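What follows is a short report on a single structure.
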Amino acid sequence: MSVLARLQTFLGGEAEGEEPRELPEADLNLACAALLVEVARADYADDEREREATTKAIREVLEVEAGLVEELMAAAETEVTEGTSMFPHTQLINANCSRGQKYEILKAMWRVAFADGNLDKYEEHLIRRVAGLIHVDHSDFIHAKIEARDGSS
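Going by the working numbering, the first residue of the sequence shown is number 132, and it counts up by one from there.
Next up, the structure:
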């Protein structure tokens, strides 16, 4: 389903030929995975360590079954490539996640950014923007960064 069709469905209008549906957990997982992929791509370097950190975050933070991780990664990569904005993803997260869940998503984003041993300014900027869009306090933003950098749980 295209990004536009998915957004229309989410906002209440069904895409042609599709049945109306409630927001499934899969859409929320896709939104989170897309943000993780976005962080991995932010420094314009294709690094296997960041890809592994993204896969690990999808498996552990989003609690996606091992067999579905690659499928979700592929869908998230398509979403990031075809998408023009993070807003639909952050709006979905903001509307459906608790403060603690938002914190865990942010920490996972930091772990992806730190995975290659180098925090790029574009990665940090992206995470800062997402934190603002999902209404995470600055103190939580910094705490998540420190936890991810130091490898704390």
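C-beta atoms are modelled at their ideal positions from N, C-alpha and C, and glycine is treated no differently.
Because the structure is a prediction, the values reported are computed rather than measured.
Relative to the Cα of A165, the nearest Cα in the group R230, R190, G214 belongs to G214. The three-state reading of DSSP puts T209 in helix, counting H, G and I together. Distance from the Cα of E254 is smallest, within the candidate group L161, Y175, D158, N160, for Y175. Between the stretch 232-248 and the stretch 275-284, the count of C-beta pairs closer than 8 Å reaches three or more; the two stretches touch. In the same chain as V170, and ignoring 5 residues on each side of it, the C-beta atoms closer than 7 Å to its own belong to M240, V243, A244, E254, L257, I258, in chain order.
With fewer than 16 other Cβ atoms inside 10 Å of its own Cβ, H266 counts as exposed. In this structure, L264 is the residue among A206, E208, L264, A197 with its C-alpha nearest to the C-alpha of R230. Distance from the Cα of D251 is smallest, within the candidate group D177, A162, V200, D158, for D177.
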